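**Student:** Note that UniProt numbering has the sequence shown beginning at 1, numbered continuously upward. Quick reminder that beta carbons are idealized off the backbone N, C-alpha and C, glycines included. Model, not experiment: these values are computed from the prediction.
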Amino acid sequence: MIIMEAKLFLRDPAGPIFAILLPLGLLLGLGSIPSFQEASAEMGGQRVIDTQLPGMMVILSVVTMALSALPAVLVAYRESCILRRLSTTPVPPVRLLIAQVVNNIGVAVLSTVLLIVLGHVTIGVPLPGNPLAFVGVFLLGTASLLGLGLLIAAVAPSVKSASGIGSLLMFPLLFVGGMWIPREMLPDLVRRIGDFLPLAPFAQALRDTWAGHAPQPLHLVVMAGTVLVTVTLAIRLFRWE
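#1: Should the region 135-148 be regarded as contacting the region 216-225, the criterion being three or more beta carbon pairs within less than 8 angstroms?
#2: Look up Arg-47 in the DSSP assignment and say whether it is helix, strand or coil.
#3: So what's Ala-179 in DSSP terms, helix, strand or just coil?
#4: Rank Lys-160, Val-58, Glu-5, Leu-132 by C-alpha distance to the C-alpha of Gly-25 and give the top, closest one.
#5: Based on Cα-Cα distance, which residue from Leu-21, Arg-47, Ala-19, Ile-20 lies nearest to Ser-32?
#6: Going by beta-carbon coordinates alone, are Leu-228 and Ile-123 separated by less than 9 angstroms?
#7: So, is Gly-212 buried or exposed, given that buried needs 16 or more other C-beta atoms within 10 angstroms?
#8: What residue range does the alpha helix (DSSP H) around Gln-216 cover?
#9: Around the C-beta of Phe-171, are 16 or more other C-beta atoms found within 10 angstroms, so that it is buried, or is it exposed?
#10: For the 8 angstroms Cβ check, are there 3 or more pairs between the region 172-190 and the region 94-105?
#11: Alpha carbon to alpha carbon, what distance is there between Phe-9 and Ala-72?
#12: Span of the alpha helix (DSSP H) holding Gly-147?
#13: Let me know the secondary structure DSSP gives Glu-79 once reduced to three states.
#14: Let me know the secondary structure DSSP gives Arg-239 once reduced to three states.
#15: Checking 9 angstroms against the spacing of the C-beta atoms, do Ala-133 and Thr-209 come in under that value?
#16: Give the straight-line distance between the Cα atoms of Ile-20 and Lys-7, rounded to the nearest whole angstrom.
#17: Whose CA, out of Phe-202, Val-117, Met-179, lies closest to the CA of Gly-141?
#18: Would you call the CB atoms of residue 243 and Leu-70 closer than 9 angstroms?
#19: Alpha carbons only, please: which of Arg-78, Thr-64, Ser-111, Val-109 is nearest the one belonging to Leu-96?
#20: Measuring only the C-alpha atoms, how far is Leu-169 from Ile-152?
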């Protein structure tokens with residue numbers, strides 16, 4: 001089922017474009033901006049691109065998959081009665097959810113690896129200074145956002161509403177997470193609010209591990225708590241038909 005879902009994903013050109021090609025294009029585009037190449041006093045004398053761009057691009061690829069692609073596919077399966085028909089076969093419908101989550105994680109990993117390699121080779125973005133912690137944070141943060149996606153799929157009555165809910169969550173989360181404006185430039189209140197939402201801790205923990213530091217315990221707790229709450233609610237609320 002994982003292989004089948006992967007083939008269906010590749011047949012839809014919008015999936016690979018938004019999940020992989022769009023972040024790569026933004027990486028090269030933003031990396032060519034002179035202001036991103038200059039050292040910034042607010043960033044401790046480092047280039048803006050070295051401190052902000054890695055997390056920004058990684059987050060963007062994961063958010064696109066978790067809040068847009070995943071809910072839309074699952075709700076479309078419900079609308080077309082695929083989930084109901086699966087429930088009458090020996091194959092448990094939950095396997096479809098597992099296959100979707102595995103494929104989304106796989107695409108996010110592929111996109112992230114390409115971003116890291118391309119950023120390092122073309123514009124000199126350094127590699128993660130704490131690679132093991134970076135991988136752990138990446139998997140935990142990805143799980144927290146996929147949990148949100150599963151929760152959207154559980155409550156959305158239609159594909160259009162799933163897309164609307166995903167967009168409604170995506171843009172505020174991207175803002176407080178420092179995707180449009182570096183978090184250091186945001187008001188204190190906005191930064192504090194962002195610390196208790198899943199995206200900002202994910203982004204900051206990625207930057208911390210990228211710089212060779214350990215992630216902050218609060219950020220790990222928020223991401224783990226998001227996984228626990230969203231997955232529990234999604235299991236309780238998910239409708240197969």
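**Tutor:** In brief:
#1: yes
#2: For this step, residue 47 is matched to residue 47 along the sequence shown. DSSP places Arg-47 in strand when its eight states are reduced to three.
#3: Locating residue 179 in the sequence shown gives position 179, where the first residue counts as 1. Sequence inspection shows Met at residue 179; the Ala mentioned does not correspond to that position. Correct three-state label for Met-179: coil.
#4: One-based indexing of the sequence shown puts residue 25 at position 25. Residue Val-58 is the option with its Cα nearest to Gly-25.
#5: Position 32 of the sequence shown, counted from the first residue, corresponds to residue 32. Measuring from the Cα of Ser-32, the nearest candidate turns out to be Arg-47.
#6: For the purposes of this step, residue 228 is taken as the residue at position 228 of the sequence shown. For the purposes of this step, residue 123 is taken as the residue at position 123 of the sequence shown. Against a cut-off of 9 angstroms, the Cβ pair of Ile-123 and Leu-228 comes out as no contact.
#7: Taking the sequence shown and counting its residues from 1, one reaches residue 212 at position 212. Label assigned to Gly-212: exposed.
#8: Counting from 1 along the sequence shown, the entry for residue 216 is found at position 216. Where Gln-216 is concerned, there is no enclosing alpha helix (DSSP H), given that its DSSP letter is neither H nor E.
#9: Walking along the sequence shown from the start, residue 171 turns up at place 171. Looking at its Cβ environment, which holds fewer than 16 other Cβ atoms inside 10 Å, Phe-171 is exposed.
#10: no
#11: The residue labelled residue 72 in the question sits at position 72 within the sequence shown. The residue labelled residue 9 in the question sits at position 9 within the sequence shown. Looking at the two C-alpha atoms, the distance is approximately 12 angstroms.
#12: The residue you call residue 147 lines up with position 147 of the sequence shown. 131-155 is the extent of the alpha helix (DSSP H) around Gly-147.
#13: By one-based count along the sequence shown, residue 79 stands at place 79. Correct three-state label for Glu-79: helix.
#14: Translated into positions along the sequence shown, residue 239 becomes position 239. Correct three-state label for Arg-239: coil.
#15: The residue labelled residue 133 in the question sits at position 133 within the sequence shown. The residue labelled residue 209 in the question sits at position 209 within the sequence shown. The answer is yes: Cβ separation under 9 angstroms.
#16: Position 20 of the sequence shown, counting from 1, holds the residue named residue 20. Position 7 of the sequence shown, counting from 1, holds the residue named residue 7. Each residue's alpha carbon lies about 16 angstroms from the other.
#17: Locating residue 141 in the sequence shown gives position 141, where the first residue counts as 1. Nearest of Phe-202, Val-117, Met-179 to Gly-141, Cα basis: Phe-202.
#18: What the structure shows of the chain is the stretch from 1 to 241, and residue 243 is not part of that stretch, so it cannot be assessed.
#19: In the sequence shown, residue 96 corresponds to position 96, counting from 1. Measuring from the Cα of Leu-96, the nearest candidate turns out to be Arg-78.
#20: Taking the first residue of the sequence shown as 1, we reach residue 169 at position 169. Taking the first residue of the sequence shown as 1, we reach residue 152 at position 152. Taking the straight line joining both Cα atoms gives about 10 angstroms.
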